[in-house]
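Residue numbers (this note's numbering), protein chains in the order written: chain U, 64 to 313; chain L, 918 to 1399; chain V, 647 to 1074. Below you'll find the structure, written out as structure tokens, and then a few comments.
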Amino acid sequence: MLNIKNLHAKITDGREILKGINLDVKPGEVHAIMGPNGSGKSTLASVLAGRPGYEVTEGSVTFDGKDLLPLAADERAREGIFLAFQYPVEIPGVNNMYFLRAALNAVRRHRGQPDLDAGQFLKAVRAKLKELEINDDLLQRGVNVGFSGGEKKRNEIFQMAMLEPKLGLLDETDSGLDIDALRLVSNGINKLRSPSRAMVLITHYQRLLDYIEPDHIHVLSGGKIVMSGDKTLAAELEKRGYAMLDETAA
Amino acid sequence: MTSPDDSLDTIHALTGEGYKYGFVTDIESDSLPPGLDESTVRFISAKKQEPEWLLEWRLQAFRHWLTMENPDWAKLKVAPIDYQASSYYSAPKEGPKSLDEVDPELLKTYEKLGIPLGERAALAGIAVDAVFDSVSVATTFKSKLNEMGIIFCSFGEAVREHPELVRKYLGSVVPQGDNFFSALNSAVFSDGSFAYIPPGIRCPMELSTYFRINAAKSGQFERTLLICDKGSYVSYLEGCTAPMRDENQLHAAVVELIALEDAEIKYSTVQNWYPGDAQGKGGIYNFVTKRGACRGDRAKISWTQVETGSAITWKYPSCLLEGDGSVGAFYSVAITNNMQQADTGTKMIHLGKNTTSTIISKGISAGRGQNTYRGLVRMQPKAQNARNFTQCDSLLIGDRCGAHTVPYIEVRNPSARCEHEATTSKISDDQMFYCQQRGLSKEDALSLIVNGFCKEVLKELPMEFAVEAQKLLAVSLEGSVG
Amino acid sequence: MTAKPETAPYRAAFTAHPADALADQRKSAFARFETLGFPTRREEAWRFTNLRPLQQAYLPGTATASKPDIAAYAFDGESYRLVFVNGRFAPDLSHTGALPKGVRLDNTAKLLPGHQDLAQSLLDDTDTAGGQGFAALNAALFADGYVLVLEDGVTLDHPVEIVHWGDAPDQSFHLRNLIKLGTGSRATILETYIGEGRYWTNAVTLVDVAAAASLRHVKLQDEATTAIHFGQVRGTLDRAARYDGFVLTLGSELSRHDSFIRYAGENAECGLFGAYLLRGAQEATNMTVVDHATPHCTTHEVFKGVVDERAHGVFLGKITVREDAQKTNANQLNKNLLLSARATVDTKPELEIFADDVKCSHGATVGDLDEDAMFYLEARGISPDEARRMLIEAFAADAIDRLEGEPALRAHLAAHVQRWLNVARVPS
């Protein structure tokens, strides 16, 4: 589904952050990308979602066989790539519901599905809200405005549930969550696992992986994947810390 | 050395002190009689044995000045100034060549002022180009700075020893006819300071100048020119105290800063001139033009000022951000108590790409003082991705003072971003009560709160200045809470 | 005193103006205009205004009224409507129905002859001796306008809707309006200015809000983009009075809306809000001058600007808190979106404070659309054009939503913002 080959990318000030990433993600798989701060984890998510301010200098990314890199951020989203933001953006004045419906209908049109009318939309919303224990008064506010940290993260997962992407990129979704919120968010994510949907979890800590069991774990360091393995790798990292990377290198 | 944290003790020690620096040094002056015409300009130039080009430059400024009018746009009430009533030159009779030769009267004066000279200067790590009246009388640490290629001398000496540098940069940031007072200064400036930091050199000590206005009826027209060549750094301190006088005295200085590629200039001022008495009698008129140009890419200029003195302050230290990625900053505390008036602020002119500027202004008004922040942030069409952040806060103490905020924001580039925030409020009764309940006197509580209000600016000052500034805040606000 | 040259073309128009009950004041006002002339950029309030479009003289005339179609601008709800065409009342387009008791709603021209007392309150010292040339010219030349007077305690159930249409080429329309609200009364006014071609609308509105009365004063300015529009509001608020002003600026080549509000009693409150959406070579200035002369009053100002193409947006705000106006609460906010490389914004939010027990703040920002918000929307599949539109709409709505009550009025304004957004953008 997602094929990344020798991906190099730099940020606007010229620093190269990604230095040759190779990654294959198949439908139904959950991959976890771990690594120390500054290893390029969030950059990878940003580059895949098409965030401005990054330049791909080498390599290729295909998504369902289609070249992803020339596509604009909204086109990638409509192709089925969903980025759950590490820091969801507050947009005062743009109503959450209005925003979500605009996004959902944009995605549906792209898939050749008809727009949802207000009634159908509301029904779909209510069902998903309940699962994530989101208070519906949040929906009447501006996008992410006045949300607590945990509410913002739950709202991201709620949006993912509504938009039903093929690939979910979850950037540090566990950061800033207490244990109850983490369980709630993880349950939400687990419910969205399906044979046709892949997920890439980006995380610094192993604790998210206690709740969401990945099929593959990769360790990113210095802009490259330096180690890959199954879920046992996470436990080892937890025990020995990222310092083990240096030991391995030496 | 006192740390800023000891402020309460020092403030306590200072309360009830009044204006500390009110004494007159008895020295014979070689002064011009009052009056101003072309012959005055020629006299000053001749007295200083200046080259022909500089005389011409002065005369050009003088002729331009004659066509100009006193600016009236500031929120200031200024009694008409009779420019013919001032004397435009006074100098100590003998030019001393070393510290030993300096008049002991003078040294005593500096001692009272707490200016570190000689050994004390060495301990404090400060080179002092002390300006007494209008002529530089002592320069220390010259040899040490010389070794590094740093030039730090009086303006007059710079004209003699480094004419090429002076000629190249004089008036390049503040043109003669820039404004009424800069034109006047350009015509009759007496002396001042000059510094040049060669490429790649980090000046190892704070350069410092103290100004004093002393001889009766003498105006003071200082000229400072500071050049930081590529990749160099300097921190420059300017401090002022003046003896008590009944007549208003005019001061119109010009300061020009030039920072070339990757150079950085920090310019700090504590201005503590005589503010006049509680009825508004006397005090200095301070009309200053200060401007710095970031001529090269990534150059930095920051102005920090603590303005507690003068009857009238008219001053807008500014930055021309010409080089790409250059940075300008303005940190200011201005206090007006009794009948003092201040109209001060800055101009940040963004010309280059990715230029950034920060403005933090804290105005404190007490008594019948009037305090105006006047600032301009201009993003020119080529200032791609330029950024400005401005915060100006005003604090009012008592119900007969005024705090005014006049910001101009002019944006001609869509990728530029400007943010301006301002608040005005009175000193909080709750905060005062809380402090008093913990045993502080009203004055101490006020000092504490005011110092807290100004913290963002004070922390930009070099340590010894920060201490002095904190003392000054307390002294300046005496009698403002009953 | 010699007359300024630019005033010369207007002398004949003044001489030709029929004498009425205000003849003496008009004479002083015209003399004042001749002395002052047009403001120059040396005057602080006009330093950002380019008066070049006024180099040609726009004289008042007697063009035959056209029959404009104003349907697209009509308020979608019940209203008492007065329509003016080229500066004159158009009775056949107006409908006021049965006005509640205690309400007088008339056009100025009709009222002038018989009502000496009201006529006198149409002018004041500002016109005859003040510093505003265009207000003086208006005082000398005005032919019509509207007058709304509410007796004590009257609440007007529907908005008063004033529509002005201009299309007489090269003419100027000087409108003089008077709003007088008795103690405890309440009213809402929606003024709409529209038209076609080159003309100059110069309107002055005097507002007097008595104790505990409340006025909601909304203006939709969508004049022809070749027209000039000057609007001046001079308001006085008595004890516990409330004035909410909103100006939506979409039209005109050159426009100004200047509000002068003075508090004359304690506990009064004033909201001055507005949004300006500009493109092409439009220039628009919103100026507010609020005089806190009495204690315990509150002022809120929010102006949002969207400036595209080669347009120029200006905000000049000034709040003065006088010596005894303790417990004043005032804030000023001006935010601007600068959308094109050739667009410019000048903003000057000014505070002048002479009392200590006050809470005053102001803020101003200028910048492009927030990149993070754009990316967030795009990352959810929304196209850049749509994302941009959503953000601009929300940006303007922030000002519109400050207008309390009357949801239909807010919807009306929002609809016109959308209409503006629907016009295809000329890429820069």
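Backbone N, C-alpha and C define an ideal beta-carbon position, used for all residues, glycine too.
Please list the partners that residue i has in chain L, where partner means a Cβ-to-Cβ separation under 9 angstroms.
i      : result
V/S986 : P1331
Cβ closer than 7 angstroms: which chain L residues qualify as neighbours of residue i?
i       : result
V/F1000 : G1319
If you draw a straight line from the alpha carbon of residue i to that of residue j, how long is it in whole angstroms?
i       : j       : result
L/A1228 : L/P1379 : 26 angstroms
L/G1073 : L/E969  : 14 angstroms
L/S1051 : L/F1138 : Its pLDDT being 39, under 50, L/S1051 is placed unreliably by the model, and nothing is read from it.
L/I1276 : L/F1247 : 5 angstroms
V/A659  : V/L1037 : 48 angstroms
L/G1012 : L/V1105 : Residue confidence is low: L/G1012 scores 44 on pLDDT, short of 50, so the model does not pin down where it sits. No coordinate-derived value is stated.
V/E690  : V/P714  : 38 angstroms
V/W692  : L/K1147 : 43 angstroms
L/Q1258 : L/G1369 : 23 angstroms
V/D854  : V/D666  : 24 angstroms
U/D127  : U/L230  : 10 angstroms
V/E1017 : U/R114  : 10 angstroms
V/A976  : L/A1339 : 12 angstroms
L/G939  : L/L972  : With a pLDDT of 48 at L/G939, under the threshold of 50, the modelled position of this residue cannot be trusted, and the question is left open.
L/E1336 : V/R1056 : 28 angstroms
U/F210  : U/A147  : 16 angstroms
L/S1053 : L/Y1006 : Low confidence applies here, because L/S1053 scores a pLDDT of 43, under 50, leaving its location unreliable and the question unanswered by this model.
L/G1035 : L/L1375 : Note that L/G1035 scores a pLDDT of 45, beneath 50, so its modelled location is shaky; the value from the coordinates is reported in the next line. The alpha-carbon atoms of L/G1035 and L/L1375 are separated by roughly 27 angstroms.
L/N1063 : L/R1215 : 27 angstroms
U/A72   : U/A140  : 20 angstroms
Please list the partners that residue i has in chain V, where partner means a Cβ-to-Cβ separation under 8 angstroms.
i       : result
L/T1261 : Going along chain V, no residue has its Cβ under 8 angstroms from L/T1261, so there is no contact; the nearest lies around 16 angstroms.
U/L146  : A1025
U/Q222  : R1026
L/C1335 : A1010, T1011, V1012 and G1013
List, in order along the chain, the chain V residues whose C-beta lies closer than 7 angstroms to that of residue i?
i      : result
U/G251 : By Cβ distance, chain V contributes nothing, its closest Cβ being about 17 angstroms from U/G251, past 7 angstroms.
U/A156 : Position check: residue 156 of chain U holds Gly in this sequence, whereas Ala was assumed. The contacting residues are A1040, F1041, A1043 and D1044.
U/R141 : G1027
Contact defined as beta carbons within less than 8 angstroms: I believe residue i pairs with residue j. What is the distance between those atoms, to the nearest angstrom?
i       : j       : result
L/L1394 : L/I1266 : About 34 angstroms; that fails the 8 angstroms criterion.
V/Q867  : V/L894  : 7 angstroms
U/V239  : U/G212  : It is worth fixing the name first, because residue 239 of chain U is Gly in this sequence and not Val. Yes, U/G239 and U/G212 are in contact; Cβ-Cβ is about 4 angstroms, under 8 angstroms.
V/V967  : V/A989  : Contact flag wrong, Cβ pair sits at about 33 angstroms.
L/L1313 : L/K1359 : At roughly 16 angstroms, the Cβ-Cβ gap does not stay under 8 angstroms, so L/L1313 and L/K1359 are not in contact.
V/A849  : V/G877  : 5 angstroms
U/I288  : U/A95   : That pair is no contact at about 12 angstroms.
U/R217  : U/I242  : Not quite, the Cβ-Cβ distance comes to about 14 angstroms (not below 8 angstroms), so this is no contact.
Using a Cβ-based criterion (distance less than 8 angstroms to any ligand heavy atom), does residue i qualify as near the ligand SAM?
i       : result
L/G1193 : Among the ligands in the structure shown, none appear at all, so the ligand SAM cannot be discussed.
Which chain V residues are close to residue i, counting only those with a beta carbon under 9 angstroms from its beta carbon?
i       : result
L/P1324 : T993, K994, P995, E996, H1008 and A1010
U/L226  : R1026 and G1027
U/D137  : L1023, E1024, A1025, R1026, G1027, I1028, S1029, P1030, E1032 and A1033
Under the DSSP definition of a beta bridge, which residues are partnered with residue i?
i       : result
L/C1309 : L/S1278 and L/A1339
V/W846  : V/S818 and V/I874
V/T801  : V/R832
V/W811  : V/V731 and V/I840
U/D178  : U/D178 is not bridged to any residue.
V/H741  : V/R727
L/F1402 : The displayed coordinates of chain L run from 918 to 1399. Any statement about residue 1402 of chain L would go beyond what the structure contains.
V/N784  : In the DSSP output, where bridge partners are listed per residue, V/N784 has none listed.
V/F892  : V/V864 and V/F919
Residues of chain U with CB closer than 8 angstroms to the CB of residue i, please, in chain order.
i      : result
V/A921 : Correct list: empty, because the minimum Cβ distance to chain U is about 12 angstroms.
Who are the neighbours of residue i on chain U, taking C-beta pairs under 9 angstroms?
i       : result
V/L1037 : I154, G156 and V157
* Asked: Whole beta strand (DSSP E) runs in the region 277 to 304 of chain U with 3 or more residues, listed along the chain?
  -> 279 to 284 and 287 to 292
* To do: Please go through the region 83 to 165 of chain U and give each complete beta strand (DSSP E) segment of 3 or more residues, from N-terminal end onward.
  => 93 to 97, 117 to 126, 144 to 147 and 154 to 158
* Could you tell me which uninterrupted beta strand (DSSP E) segments, each at least 3 residues in length, are contained entirely in the region 925 to 980 of chain V, listed from first to last along the chain? => 929 to 938, 944 to 953 and 958 to 967
* Could you name each continuous alpha helix (DSSP H) segment of 4 residues or more that falls completely within the region 996 to 1065 of chain V, going from the start of the chain to the end? => 1017 to 1024 and 1030 to 1046
* Asked: Which whole runs of the beta strand (DSSP E) in the region 1369 to 1395 of chain L are 3 residues long or more, in chain order?
  -> none
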